[in-house]
Amino acid sequence: MTEQKQMHYTIAASQHRVQPADSWQTYCNTVIARLDALPASVQIALFPEYGAIELSAMFPAGRSVAGELADLQPLLPEFVQFYSEQAQKRGMVIVAPGLLVFKPELNNYVNRSWVLFPDGQVSYQDKQHLTQYETSPMAIARGDTLHCFHWQGLGFAVAICYDSEFPQQVMALTNAGAELILVPACTDKPAGHSRVAVSCRARALENQCYVLQAPLRGEADWSELIDVNVGQAGLYTPIDIGFTDDGIQALAADDDDWLVQEIDPARLQRVRSGGQVLNFADQQLPLPATVVKVTA
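Per the working numbering: the sequence shown = residues 323 to 618.
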């Protein structure tokens with residue numbers, strides 16, 4: 323990962339609708355077509371949480387969630403290799419569609435987003451905070467490590483869906499140098515999408531950083547895991563000098579497959595050091611040592 327600082331970066335969030343893949347080759351062709359639709363200037367492409375469950379359409383319908391997950395595990399090596407090859411071919415970072423990965427040492431799955439770099443490096447981020455559905459009936463294990471990536475002078479990190487709702491986690495990532503938080507998401511109701519979108523706006527305000535959200539969308543009648551999916555891709559920013567008054571740089575239109583935007587990390591540094599408020603610096607201040615409970 324190189325460290326040559328750039329003035330601007332072009333980033334993209336997917337909001338494609340779920341499509342069944344009846345074979346591995348069909349899936350690859352679909353992804354290639356999606357990536358081909360991006361401008362050549364895009365440097366980071368973010369796919370949604372659970373996006374790789376499209377592959378479960380290759381297998382017989384009516385299976386349990388456990389059956390879906392087990393069927394997908396043999397595809398993992400090809401999956402990672404395919405996205406790595408696409409990242410290298412296109413000269414971009416790809417945060418691949420989310421997939422549950424079985425870890426024998428845990429005898430359990432983790433919710434993983436693979437991060438593929440143009441130089442062939444492969445990394446990942448595992449989800450830290452799990453929803454009720456993920457803990458039961460799916461019994462997913464939480465990740466044990468946070469990663470902050472530094473590439474071409476840009477610090478970025480991944481906070482998977484529900485992780486974006488926890489200020490401490492995102493603050494730890496921005497303290498480690500993340501200027502851009504990537505949020506792959508999967509929500510089945512408007513309320514779920516609203517929670518994630520509001521959290522993205524709040525994290526951008528608190529940390530004076532960029533936050534990019536990529537939702538899974540559409541219906542998948544072949545999958546119990548991703549049967550209904552709603553959301554809207556968005557790019558969120560600080561609410562300060564040089565940014566919008568509501569902290570929303572852009573939202574995708576309903577019929578867009580990608581939200582493509584440009585970010586300028588230097589603008590973050592300007593508001594962090596000389597903005598109307600200094601949220602990023604001030605949240606490092608210690609809270610009062612004592613909380614006094616007052617009963618009226």
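Where a beta carbon is used, it is the ideal one built from N, C-alpha and C, also for glycine.
{"Check": "Residue span of the beta strand (DSSP E) that contains Ala334, given as start and end", "Outcome": "331-336"}
{"Check": "Whole-angstrom distance between Gly596 and His451, CA atom to CA atom", "Outcome": "34 Å"}
{"Check": "Cβ neighbour criterion (16 or more within 10 Å) applied to Tyr455", "Outcome": "exposed"}
{"Check": "Contact under 8 Å by Cβ, Trp580 with Ala359", "Outcome": "yes"}
{"Check": "Alpha carbon of Val552 to alpha carbon of Leu394, nearest angstrom", "Outcome": "23 Å"}
{"Check": "Option in Phe424, Gly420, Glu501, Pro610 with minimal Cα separation from Ala588", "Outcome": "Glu501"}
{"Check": "Beta carbon of Gln365 nearer than 8 Å to that of Ile333", "Outcome": "yes"}
{"Check": "Given 8 Å, three or more beta-carbon pairs between the stretch 474-486 and the stretch 509-525", "Outcome": "yes"}
{"Check": "CA nearest to the CA of Arg539, picked from Asp562, Glu376, Gly475", "Outcome": "Glu376"}
{"Check": "Boundaries (first-last residue) of the alpha helix (DSSP H) holding Val520", "Outcome": "512-529"}
{"Check": "Contact check, Pro440 vs Gln410, beta carbons under 8 Å", "Outcome": "yes"}
{"Check": "Identity of the residues DSSP links to Lys425 by a beta bridge", "Outcome": "Asn430"}
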